[in-house]
DNA sequence: ATGGGATATATCCTATAGGATATTGTCGAC
DNA sequence: GTCGACAATATCCTATAGGATATATCCCAT
């Protein structure tokens, strides 16, 4: 009864549009650099223009789409190499600290659920087949694990900062090699174990190592993809 | 000539609404917790509802306003003591690093302009009178200085993170004591000097010290204001 | 063949109207 | 005097139409 104060929190159309668009961008159903037509999206999603516009504004503030005043929206292009390095520099700054704090948090927060959640999220989903779907599941699971560690840090601002960084990495996740999934799971489990056993320094080091490995795993695929798309140039010329 | 490719970048109504609303929130013309009526704002600002809605969505993503699905927007309430400490913890993590990196950046970026800008921004504006306006100018100058140091770090993501944090601090800036303005200027100048003279460690330490002092300056005013408003309670009852 | 200019199209931006919902105030009963 | 329910109001949410602008196509001149 007293819970009714928070309201039903019924998701409105703008939230639906936001979730749908974000999901499509994260799974690269909307390619980087692709132009986004407002009423085109409105007709495709069968939603009016105003909610679409609202969702787009939110996504722009998050950095997932860019806007040019009288020209329209487009999906944020792929990160340059400098931006890529910058991103991982920030992760190295934030995430080991989050892991460290998560490890020496008050024990009242360390009930059984936390350990279970951590172990569950550290595992990558079963991937008998290397289909595109399972690879998508993997990227989702990876994101959730890192976000959960952020939440466990006890610092809401730190958690939100980590979440934002993860959102910027979405495009490059799809280039992950299938074999690296197992490596990722091992590293995640090492981090989880250190947190559960409350060893702050070990947790921080495990996270730092994981990030370094993740960086090099992405970097190879990153350079490869850059060779395909072309080195940071728009392709609008017709020969 | 070739610059015409970037477009005129003419600000549209949504940008105007965004800037105006953000400005009013930052100067507390819109009080924390105050309810924001969409068409009320539309009539006040003489702008249609759609741009207002768009600006509000962007501000929500930035954390300056909160939204409840079928209930409307309201200005983000004052930070609790925990959130306040969390905020300064993040600043201590990010800003000294930014100062350090700014100090040992490539010298091609260290032309005369940077030194001049730094010295200019470090200074607080002349405040012969302690009027509300000059106090507002001070908060703006302080924000600009910290943001500029963030930009000088050479890491766009670090700069943006610092900018976001500053936006969250807006509400408490208005409680600054007039006498602390001079102290702030001295500390800013020390940071600027260390960066100009390219002494990374000194710059980082100066920034860290400045943040610690700033934290205690805010904290005293923070607790005082909390005593006035009441300890974290809405005041909607009529006796 | 290439460059410049004008027209045509598509898209965005803005404004207004109607339907649905939460909130507020009032009334009555216990 | 307090609690609960009901009705009226205000507000938000959604949809559609018209005006303004950038982009693309086509044509002509050089």
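Residue numbers (this note's numbering), protein chains in the order written: chain A, 1 to 239; chain B, 240 to 478. Even for Gly, the Cβ is constructed at its ideal location relative to N, Cα and C.
Secondary structure note for residue 305 of chain B: its beta strand (DSSP E) is the uninterrupted segment 304 to 307. Annotation: residue 418 of chain B is outside any beta strand (DSSP E) and is labelled neither H nor E by DSSP. With contacts defined as CB atoms closer than 8 Å, residue 339 of chain B and residue 439 of chain B qualify as a contacting pair. Around the beta carbon of residue 142 of chain A, a 10 Å sphere encloses 16 or more other beta carbons of the protein chains shown; the residue is thus reported as buried. DSSP, read as helix, strand or coil, puts residue 275 of chain B in strand.
According to the DSSP assignment, residue 89 of chain A belongs to the alpha helix (DSSP H) that extends over 81 to 103. Any Cβ of chain A closer than 8 Å to the Cβ of residue 447 of chain B would place that residue at the interface, and such an atom is absent. For residue 73 of chain A, DSSP records a beta bridge to A/36 and A/67. Shortest Cα-Cα distance from residue 97 of chain A to any of A/80, A/82 and A/154 involves A/154. As the crow flies, the alpha-carbon of residue 195 of chain A is around 15 Å from that of residue 185 of chain A. Within the same chain, Cβ atoms closer than 6 Å to the Cβ of residue 383 of chain B are found at 360, the five residues on either side in sequence being excluded. Collapsing the DSSP output to three states places residue 197 of chain A in coil. Taking the beta carbon of residue 440 of chain B as reference, no residue of chain A falls within 7 Å; the closest one sits roughly 17 Å away. For residue 50 of chain A, the enclosing alpha helix (DSSP H) starts and ends at 49 to 62. For residue 285 of chain B, there is no enclosing alpha helix (DSSP H), as DSSP marks it with neither H nor E. Shown here for residue 261 of chain B: same chain residues with a beta carbon closer than 7 Å to its own, the five before and five after excluded, namely 298 and 303 in chain order. Shown in chain order are the members of the stretch 383 to 400 of chain B whose Cβ falls below 9 Å from a Cβ of chain A: 393, 394, 395, 396, 397, 399 and 400.
Each of B/452, B/270, B/320 and B/274 was checked against the Cα of residue 421 of chain B, and the nearest Cα belongs to B/452. With three or more CB-CB distances shorter than 8 Å, the stretch 12 to 19 of chain A counts as touching the stretch 47 to 62 of chain A. Residue 300 of chain B is not a Cβ neighbour of residue 437 of chain B, given a cutoff of 8 Å.
The beta carbon of residue 41 of chain A sits closer than 7 Å to the beta carbons of 52 from its chain, once the five residues preceding and following it are set aside; these are given in chain order. Residue-level contact check: residue 19 of chain A does not touch chain B, since none of the beta carbons of chain B fall below 8 Å from its beta carbon. Per DSSP, the unbroken alpha helix (DSSP H) holding residue 260 of chain B starts and ends at 252 to 265.
Contact residues of the stretch 26 to 52 of chain A toward chain B are 50 (C-beta to C-beta distance below 8 Å).
Under the criterion of beta carbons closer than 8 Å, residue 162 of chain A and residue 146 of chain A qualify as touching, at roughly 6 Å.
Across the structure, residue 209 of chain A and residue 94 of chain A are spaced so that their CA atoms are roughly 13 Å apart. Rounded to the nearest whole angstrom, the CA to CA distance from residue 45 of chain A to residue 344 of chain B is 48 Å. Distances from the CA of residue 180 of chain A to each of A/216, A/119 and A/113 were compared; the closest alpha carbon is that of A/216. Chain order gives the chain B residues near residue 61 of chain A as 297, 300 and 301, where near means a beta carbon separation below 7 Å. At a Cβ-Cβ threshold of 8 Å, residue 316 of chain B and residue 271 of chain B count as neighbours. When the alpha-carbon of residue 253 of chain B is set against those of B/356, B/267, B/389 and B/287, the nearest one is in B/287. Each residue's CA atom was taken as its position, placing residue 152 of chain A and residue 114 of chain A some 9 Å apart. Around residue 441 of chain B, the same chain offers 433 as residues with beta carbons nearer than 6 Å, after the five sequence neighbours per side are excluded. The Cβ-Cβ distance between residue 325 of chain B and residue 90 of chain A does not fall below 8 Å. A distance of 8 Å or more separates the beta carbons of residue 311 of chain B and residue 267 of chain B.
Taking a contact as a CB-CB distance under 8 Å, the pair residue 169 of chain A and residue 148 of chain A does not count as one, their CB atoms being some 16 Å apart.
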